Ligand SMILES: [Zn+2]
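Numbering (full-length UniProt numbering), first residue to last: 1 to 185.
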């Protein structure tokens with residue numbers, strides 16, 4: 001069984017495809033692997049759905065037992081399940097905006113982020129999530145949701161400020177987006 005990216009139609013057939021020219025791999029609940037396709041769309045692979053995808057596929061036989069003793073998920077900061085559900089829904093060919101809204105309603109911080117981003121893009125007040133989602137586009141919603149979730153990790157540090165980091169990251173993103181519109185059209 002192959003996996004096909006709905007945006008660029010790239011096909012994934014075997015265990016190494018999802019490591020080539022892809023980015024931002026992350027594990028969600030039930031060992032679902034999320035990553036960004038070469039076209040930047042978020043893709044999700046549920047464990048067991050593709051016989052060629054297993055988390056330990058590239059680990060030598062003798063070391064597999066050691067790998068399974070490591071419970072990484074217990075050490076990593078938890079991301080709200082809604083974030084994965086939203087990303088999974090947005091990665092499908094037939095996105096249900098109703099479902100995405102349903103998940104967002106459980107997470108007021110994420111909802112506020114989406115409404116704020118849509119309002120600032122439209123330069124007027126957008127107060128309905130089901131209007132904001134198509135306005136921003138699925139990919140931007142997926143990115144914003146993940147960024148907002150990661151923003152909630154508070155890593156105490158005297159040398160590093162998450163607020164400054166994200167403010168700078170978003171500013172760079174907006175500038176790049178505007179430059180791209182100006183020069184690539
Ligand atoms: Zn793609």
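Beta carbons are placed, not taken as given, at the ideal position from N, Cα and C, and that holds for glycine. The model shown is predicted, which means the values in this text are computed figures rather than measured ones.
Near ligand 1: residue i beta-carbon under 7 Å from a heavy atom
i: residue 24; result: no
i: residue 91; result: no
i: residue 63; result: no
i: residue 5; result: yes
i: residue 124; result: no
i: residue 39; result: yes
i: residue 8; result: yes
Residue j beta carbon less than 8 Å from that of residue i
i: residue 121; j: residue 110; result: no
i: residue 104; j: residue 86; result: yes
i: residue 44; j: residue 91; result: yes
Residue i in three-state terms, based on DSSP
i: residue 113; result: helix
i: residue 23; result: strand
i: residue 107; result: coil
i: residue 93; result: coil
i: residue 88; result: helix
i: residue 3; result: strand
i: residue 60; result: coil
Residue from the options whose Cα sits closest to the Cα of residue i
i: residue 37; options: 133, 99, 18; result: 18
i: residue 113; options: 162, 133, 98; result: 133
i: residue 98; options: 81, 117, 128, 118; result: 128
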